[in-house]
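*Asks:* Structure in structure tokens, see below.
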Amino acid sequence: MSIISRAVLQLMIAAIVASVGNRHASAQLIPQQPAGPAATRSLIVPVAPAPVRPGAAAPGPPRPAGLPASLSPAPGSGPDVWRLPNPTDVNEGTVTIITAPAGGATSVFGSDMARVLDDQSNIRVLPVLGKGPVRNVSDILFLKSIDMGAVAADVPEFYRLQYGIPDITSQLRYIARLYHSEIHIIARSSIRSIFDLNGKRIIAPTDVGFYSARVIFNRLNLTATFDYATDDAKSIQKLVDGEADAYIVSTGKVFQLARAIRNDNRALHLVTIPYDRRLQNLYLPTTLSSDDYPNLLNPGETIETVAIGMLLVSYNWPENTERYRKVARFVDAFFANYDEFMKPPRHPKWTESSIVAAIPGWKRFKAAEDWLVARNMVPRREVADVQQAQFESFVRQSGGQLSNDPAERSALFRQFLQWRQQHGGPPTPTR
């Protein structure tokens, strides 16, 4: 070993010995806690009150163990004094809502509810990122820590078709409709309508599109080979590479992944779903436009599709349980502050939400029903929403425009009712 290396080694050993000695000396200054069963772990360090000298400020409340001095409670009283909440209150007032992967409307809705409703004394909302509507149902049913979740209104029919469970809603209760989730079909330009996909290869990820695709294809008597295991990003690549004929997703527009497809050669486009009468008791008519997806539709182009309601759902807790009371407390805060969700900067799709709409095939959580009845807010059947959406679709497809003039709207609506009586629904594009 060289002289320099030996000298460096000796300096390192001396430093280590000094450090150990200092830590040992410091340890002697820390009072030892009594051992045995009487010792408990506490968030708060008990501190005996020190005598206050005349003219001196009163000492502040004790601060939690390990809390930096910069975050410790300020001395005195008033709104600037920080204190830890009571553990019992925290647990009684906290509810969890399982949403969907980050980036979509559902996860933003969870964040909005947390921001608007948290009051630190009565309600605290903890959004949880989940897989999506299909697995949210099993999480609501089986995860002990989940109180509520976002579930699409067509998922019960999917459970009947895919799992053989005749009525999963018997164990669930909905609280409100959050927004409408539009069905997007992206395919090559040779595919003009959903009916052209009969017998084709389709990618529809389980919690993103497969549940709606399965229900819609069954109702329209269409068959297809579904790939539901591929994730979104790979799904688009498979479609571009010709390994599939279409990609189907149920999500709130604008779906940023679809909007980000380069599609320079315009080989892909969005496909029409006509508002067939076999879909009308579950889905709503809607449109996708070139403003939404300039890369997938030509300038000024609009196509028809359908949408499904995304619901806030709870387990059907018995009334005399603590879990029921927690969800009921949330319902009271949510409904009382409902108007706040219509204001910026909340997600724009809150304008599609409803706390009064009655969803076909679903029963409302009892505390939510009681809240509406007590305030004479009669629950409104979703059929009213369907009829309004059908009317607007009829006007668009007839080449007209909605007018603010009551007489003109009344005349248009009479024409619409005649169409419904003769055709069972508004006019639909030819295949």
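Each residue of the sequence shown is one higher than the last, beginning at 7 in my numbering. Quick reminder that beta carbons are idealized off the backbone N, C-alpha and C, glycines included.
1. Residue 294 and residue 309: beta carbons closer than 8 Å?
2. Less than 8 Å between the beta carbons of residue 178 and residue 251, yes or no?
3. What's the call for residue 380, buried or exposed, on a 16-neighbour Cβ count within 10 Å?
4. Looking at the structure shown, is residue 212 part of a helix, part of a strand, or coil, going by DSSP?
5. Could you check whether residue 302 and residue 448 sit closer than 8 Å to each other, using their CB atoms as the reference points?
6. Beta carbon of residue 184, beta carbon of residue 359: below 8 Å?
7. Can you tell me which of 116, 243 and 107 puts its alpha carbon nearest to the alpha carbon of residue 353?
8. Look at residue 255 and residue 214 and say whether their C-beta atoms are less than 8 Å apart.
9. Reducing DSSP to helix, strand and coil, say where residue 378 ends up.
10. If we count Cβ pairs, one from each stretch, closer than 8 Å, do we get three or more for the segment 106 to 113 versus the segment 132 to 141?
11. Would the segment 145 to 155 and the segment 315 to 323 be scored as touching if the rule is three or more Cβ pairs under 8 Å?
12. Buried or exposed for residue 377, please, with buried defined as at least 16 other CB atoms from any protein chain shown within 10 angstroms of its CB.
13. Can you find the residues in the same chain that come closer than 8 Å, C-beta to C-beta, to residue 239, ignoring five residues on each side of it along the sequence?
14. For the ligand FAD, is there a heavy atom less than 7 Å away from the beta-carbon of residue 305?
15. For residue 366 and residue 287, which I take to be in contact (beta-carbon distance under 8 Å), what is that distance rounded to the nearest angstrom?
16. For residue 253, list the residues DSSP reports as bridge partners.
17. I need the straight-line Cα distance from residue 218 to residue 306, nearest angstrom please.
18. Give me, in chain order, the residues of the same chain whose beta-carbon lies closer than 7 Å to that of residue 100; leave out the 5 immediate sequence neighbours on both sides.
19. In the DSSP assignment, what are the bridge partners of residue 185?
20. Going by DSSP, what residues sit across from residue 324 in a beta bridge?
*Replies:* Reading it off the structure:
1. yes
2. no
3. exposed
4. helix
5. Outside the shown range of the chain, which is 7 to 437, sits residue 448, and nothing can be said about it.
6. yes
7. 116
8. yes
9. It is helical.
10. yes
11. yes
12. The residue in question, residue 377, is buried, as its Cβ has 16 or more Cβ neighbours within 10 Å.
13. 263
14. As presented, the structure is devoid of all ligands, the ligand FAD included, so that no description of it is given.
15. 6 Å
16. According to DSSP, residue 253 shares a beta bridge with 192 and 209.
17. 28 Å
18. 130 and 132
19. 316
20. Answer by DSSP bridge pairing: none, since residue 324 is not bridged.
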